[in-house]
Each structure stands twice: as C-alpha cells, then as structure tokens.
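A.B. asks: By the count of my numbering, the sequence shown reaches residue 128 at its end, each step adding exactly one.
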Amino acid sequence: MSWIFLLLGVMAEALSHVALKATDGFSKPLPAAMVILGHLTAFIFLGQAMKGMPVGVVHALWAGLAIVTVTLLSALFYRQHLDLTAWVGMGLVAAGVIMINLSQGHSH
Numbered sequence: 021m022s023w024i025f026l027l028l029g030v031m032a033e034a035l036s037h038v039a040l041k042a043t044d045g046f047s048k049p050l051p052a053a054m055v056i057l058g059h060l061t062a063f064i065f066l067g068q069a070m071k072g073m074p075v076g077v078v079h080a081l082w083a084g085l086a087i088v089t090v091t092l093l094s095a096l097f098y099r100q101h102l103d104l105t106a107w108v109g110m111g112l113v114a115a116g117v118i119m120i121n122l123s124q125g126h127s128h
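#1: Within the same chain, show all residues whose beta-carbon is closer than 6 Å to that of residue 36, passing over the 5 residues directly before and after it, in chain order.
#2: Does the beta-carbon of residue 119 have 16 or more other beta-carbons within 10 angstroms, so that it is buried, or is it exposed?
#3: For residue 51, report the span of its alpha helix (DSSP H) as first-last.
#4: Count the other CB atoms, across all protein chains shown, that sit within 10 Å of the CB of residue 73; report buried if there are 16 or more and exposed otherwise.
#5: Please say whether residue 41 and residue 94 have beta carbons closer to each other than 9 Å?
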C-alpha cells in the first residue's frame, strides 16, 4: 500500500507544480486553489506512505519521481522541451529511483 500512496503523492505534487505556472503569481484563484489542494493532498499521501517505508526513502523517491513527472507534464501542457543533456539527467534520476527501490534499505 505504501507504494500506491507514494505514487498518488507524486501525482498530486506534480500536478500542483504544473498548475503553479498557471497561477500567474497567484493572481488567478482557480489554479492557486489547485496548487494548495495539490500540495495538501501530496503531504497526506506521503504521510501514509511513510507508515510502511523509511522517511529518507520516501522523500528520495518522491523527489526523483516528481522531477521526472513535472518535466513530462510541462512538456505536455506547456510545450516546454528540454535538451539532450537534461534528458540524460532525468535518466540518471530514474536510475537512482530504481537503485533505491532495489536496495535493502527500503524494507521496513
């Protein structure tokens, strides 16, 4: 269950970060509300994920997966595209997430 909560937390966080651009400095109420609700939702899910996984592992996975997810969503919604070097960096982040998942340090 911890993995499901972690992934839901990543999605909530990523969507709220993508919505942050649409707030125009928090001058638009609907996107601003989405950002606040998204962050609150993310922290609720992450708190649940931490019941079954160590804090450091949850945070590392959350950060890494959120970076990649925000990048993909911003390419989709805002047509923001990164160069090859940035994508190589994203691949390294993904490799780090895989390594953390495969480690023995994430078992409870």
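We put the CB at the ideal spot given by N, CA and C, even for glycine.
C.D. replies: Reading off the structure:
#1: 55, 58 and 59
#2: exposed
#3: 49-69
#4: buried
#5: yes
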